[in-house]
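**Student:** What follows is a single structure, and I will ask about it in a moment.
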Amino acid sequence: MTGYLDVLADHARHAPNAPALIDAVGEYTYAELWTAIEEHAAALRALGVAPGDRVVTALAPGAPHLAALFGVMAAGAVAVPLNIRLAPPEAYAFLAPLCPAQLLAAEPDTELAARLGCGLATLSSAGAPGSLTDRMSLTAVTPVSSSPAFRDETAAMIIGTGGTTGEPKGATWTHSALYQYAASCQAQMEIRRTDVELYFSPFFHIAVATIVFATLFAGGTAWLLPRFDEAAVLDALATGRPTRLFGAPTALLRLLEHPGFGAEHGASIRRVLFGSTASVPAFPGRLRAAFPRAQLITGYGATEFGAVARLRSWEQEDGVDRGLGRPVPGASIRIVDDAGHDVPRGGVGEVLVRAPWQMSGYWARPEQTRATVVDGAIRSGDLGRLDEDGFLHLAGRAKDMVISGGENVFPIEVENVIARHPQVHQVAVFGVDDPLWGERVEAAVVPHPGGGVDPDGLREHCRAALAGYKVPRRFHVLDALPVTPAMKVDKRALREVTRDA
423 MTGYLDVLAD HARHAPNAPA LIDAVGEYTY AELWTAIEEH AAALRALGVA PGDRVVTALA
483 PGAPHLAALF GVMAAGAVAV PLNIRLAPPE AYAFLAPLCP AQLLAAEPDT ELAARLGCGL
543 ATLSSAGAPG SLTDRMSLTA VTPVSSSPAF RDETAAMIIG TGGTTGEPKG ATWTHSALYQ
603 YAASCQAQME IRRTDVELYF SPFFHIAVAT IVFATLFAGG TAWLLPRFDE AAVLDALATG
663 RPTRLFGAPT ALLRLLEHPG FGAEHGASIR RVLFGSTASV PAFPGRLRAA FPRAQLITGY
723 GATEFGAVAR LRSWEQEDGV DRGLGRPVPG ASIRIVDDAG HDVPRGGVGE VLVRAPWQMS
783 GYWARPEQTR ATVVDGAIRS GDLGRLDEDG FLHLAGRAKD MVISGGENVF PIEVENVIAR
843 HPQVHQVAVF GVDDPLWGER VEAAVVPHPG GGVDPDGLRE HCRAALAGYK VPRRFHVLDA
903 LPVTPAMKVD KRALREVTRD A
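Taking our numbering as reference, the numbering of the sequence shown is continuous, increasing by one, and the terminal residue is 923.
Written out as structure tokens, the structure is:
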């Protein structure tokens, strides 16, 4: 089977001068990208990196980081983009099962490398002006440490998951899986060679494959920002070049609320892709107003299997709630009970996913892999239902379900009710320990800018639409909801923030 890197090589041969990457420093063609990939692969091999070794990239998003990921794969090694915002204990916990490995960083982090037993090399010119190959010049700091016993030459990339909910794990994606996944995303999101995708999400997230890899698969252009910054996004949109935009709802909402956002910033956008918006139900309508020429696409996915359901804006024109869409071609979704049996259509159970591009398992975590991959399908840990037309509706994370007085409460159901209150801008519902009820339901709400929230009014609003045991016992009014680096609401942090309130 053709591999993902073969597609990039083909673009370099047949469209060498087509723009592939844009970042804060420069713009690079497919020919320049492929040259950088090949030279980086050769440099890694010269450092002693062998097929199957892990190479950890502790770099900010940008053209050098992306080319480095591909260079690692071209060398036959396994690319591991690291969340550079992790605290040292978190980084150690994630990386320990992957070591020995080679660490690539913008600045020499000898303490991290020494503690993990990793080799260390720097890309000290990554942010400097120059050609892409110049920006990717490697300087060895400590020699690579290789271990044939830990190699997997079919693996291409490891993406971290589970750090906010428990023991961090690395989802392993093979070369074949990345190729099939990029092809699926390119087709399902209708990416064209003429598209310019503006991307400001992390590289340690599955979104880098969903969006950036798929854009390059199509021969399009990826415009990479090092982080989400409203002013930088507005500057890029003002050029009129971007045709596609992706972001977590939290980030896109901040963009729309920026005082500098105007009609001109949405004029060139033809597609906007975003994730679940249960806490902000009015959000799609605001997107439509801000990007009037764009088709909106949302869906369902996870690090372990990527995007497997899709919902486009035209599928909701009749006002019917169709959740997160239907399974994309090639993927299947089942709803099962605790015993793994299919529940009746419309019933709530765990979402079970099977796709030809799904992860092969968690790196060096056989027990977690066996618990998650069951008969070739992946247990998502999400609760959901399929309606009569096959559309997927989520009921929340299984771990987030609140059991209060023996009754099951799905936070997303309560969030949807609270979010309809006119005073509420954002909401998150969660459970906390309670000596009488086992757990009790609480909610954190963010008012509209300049506005306020009346907790008593919210309580009455909930009582009119929900059973009594589902009504939050407390409402915490916050200026903002804490989010993860991937811009998702961090409920673990939320419990800490509200614990002593």
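Each residue gets a CB set at the ideal place from its N, CA and C atoms; glycine is no exception.
(1) Is the beta carbon of L805 sitting closer than 8 Å to the one on R792?
(2) With respect to the beta strand (DSSP E) encompassing Q780, which residues constitute its N-terminal and C-terminal limits?
(3) Going by DSSP, what residue range makes up the alpha helix (DSSP H) through Y450?
(4) What's the gap between the Cα of Y784 and the Cα of R676?
(5) Here's a check: name, in chain order, each residue in its chain whose Cβ is nearer than 6 Å to the Cβ of Y601, leaving out the five neighbours to either side.
(6) Taking the continuous beta strand (DSSP E) assigned at M495, which residues delimit it?
(7) Tell me, to the nearest whole angstrom, how far the beta carbon of A593 is from that of T725; I am working on the premise that it is less than 8 Å.
(8) Is the beta carbon of I580 closer than 8 Å to that of R467?
(9) Please say whether T564 and L534 have beta carbons closer to each other than 8 Å?
(10) In this structure, what does DSSP give as the bridge partners for N830?
(11) So L746 and L638 are supposed to be a Cβ contact under 8 Å. How far apart are they, rounded?
(12) State the CB to CB distance for the pair V851 and P833, rounded to an integer number of angstroms; the pair is presumed to be in contact (CB under 8 Å).
(13) Please name the residue in P648, P706 and R914 whose C-alpha comes closest to that of P483.
(14) With the cut-off set at 8 Å, would you say A731 and I755 are in Cβ contact?
(15) According to the Cβ coordinates, are V905 and T672 closer than 8 Å?
(16) Spatial neighbours of V795 within its chain, please: CB distance less than 7 Å, with the 5 preceding and 5 following residues excluded, ordered by chain position.
(17) Roughly how many angstroms lie between the CA atoms of G642 and L674, to the nearest whole one?
(18) Indicate the three-state DSSP secondary structure (helix, strand or coil) for V742 in the structure shown.
(19) Any idea if S802 is buried or exposed, counting beta-carbon neighbours within 10 angstroms, 16 or more meaning buried?
(20) Hey, would you say A515 sits closer than 8 Å to P590, going by beta carbons?
(21) Would you tell me roughly how many angstroms separate the C-alpha atoms of Q414 and W779, rounded to the nearest one?
(22) By the three-class DSSP mapping on this structure, what secondary structure does T586 have?
(23) Taking only beta-carbon positions, decide if Y603 is within less than 8 Å of chain C.
(24) Would you please state the rounded distance, in angstroms, between the beta carbons of V634 and L488? I believe it to be under 8 Å.
(25) Within 10 Å of its beta-carbon, does P714 have 16 or more other beta-carbons around it, so buried, or fewer, so exposed?
(26) Using a 10 Å radius around the Cβ and a threshold of 16 neighbouring Cβ atoms, would you call S553 buried or exposed?
(27) Run the CB neighbour count on W736, radius 10 Å, all protein chains shown included, and call it buried at 16 or more, exposed below.
(28) Report back the beta-carbon spacing between R748 and G812 to the nearest angstrom; my notes put them in contact at under 8 Å.
(29) Taking the C-alpha atoms as reference points, what is the distance between A485 and S559?
(30) State the start and end residues of the unbroken alpha helix (DSSP H) segment that holds Y514.
(31) Return the CA-CA distance between L774 and F727, expressed in angstroms with no decimal places.
(32) In the DSSP assignment, what residue or residues form a beta bridge with E461?
(33) Are the CB atoms of A550 and A528 within a distance shorter than 8 Å?
(34) Rounded to whole angstroms, what's the CA-CA distance from V694 to A653? Just pull it up for me.
(35) Taking 8 Å as the threshold (C-beta atoms), are P907 and V863 in contact?
(36) State yes or no: is the C-beta of A640 within less than 8 Å of the C-beta of R614?
**Tutor:** The relevant details are as follows:
(1) Not closer than 8 Å, so no.
(2) For Q780, no beta strand (DSSP E) encloses it, and the DSSP letter there is neither H nor E.
(3) Y450 -> not in any alpha helix (DSSP H); beta strand (DSSP E) instead, spanning E449 to T451.
(4) Near 34 Å, if we compare the C-alpha coordinates of R676 and Y784.
(5) Same-chain partners within the cutoff: G425 and Y426.
(6) Careful: M495 lies outside any beta strand (DSSP E), inside the alpha helix (DSSP H) at A485 to A496.
(7) Sure, about 5 Å apart at Cβ, within 8 Å.
(8) With respect to I580, R467 sits apart: the two C-beta atoms are not nearer than 8 Å.
(9) No, Cβ-Cβ distance for L534 and T564 is not below 8 Å.
(10) I825, per the DSSP bridge assignment.
(11) Not really, about 26 Å apart at Cβ, beyond 8 Å.
(12) Confirmed, about 4 Å.
(13) For the options P648, P706 and R914, the alpha carbon positioned closest to that of P483 is the one of P648.
(14) Inclusion of A731 and I755 in the CB contact set at 8 Å is warranted, their separation being smaller than that value.
(15) With respect to the 8 Å criterion, V905 and T672 are classified as neighbours on the basis of their beta carbons.
(16) Take V795, set aside five residues on each side of it, and the residues of its chain with a beta-carbon closer than 7 Å to its own are G783, in chain order.
(17) Cα to Cα, the separation comes out at about 22 Å.
(18) Coil, per DSSP.
(19) Burial call: buried.
(20) In terms of Cβ geometry, A515 and P590 form a close pair [threshold 8 Å].
(21) This structure cannot speak to residue 414, because the chain is shown only from 423 to 923.
(22) Because T586 sits at a pLDDT of 35, beneath the cut-off of 50, its placement in the model cannot be relied upon, and the point is left open.
(23) The chain inventory of the structure shown lacks chain C, comprising one protein chain alone.
(24) Yes, they are in contact, since the Cβ atoms of V634 and L488 sit about 7 Å apart, within 8 Å.
(25) With fewer than 16 other Cβ atoms within 10 Å, it is exposed.
(26) Counting every other CB atom within 10 Å of its CB across the protein chains shown gives S553 a total below 16, marking it as exposed.
(27) Classification for W736: exposed.
(28) Contact between R748 and G812 holds: CB atoms are separated by about 5 Å, below the 8 Å threshold.
(29) Straight-line Cα distance between these residues: approximately 13 Å.
(30) Element bounds for Y514: P510 to L517.
(31) Looking at the two C-alpha atoms, the distance is approximately 11 Å.
(32) BP columns for E461 are empty, so no partner.
(33) Result no, Cβ atoms of A528 and A550 do not sit closer than 8 Å.
(34) If you take the alpha carbons of V694 and A653, they lie about 19 Å apart.
(35) 8 Å or more divides the Cβ of V863 from the Cβ of P907.
(36) Closer than 8 Å, so yes.
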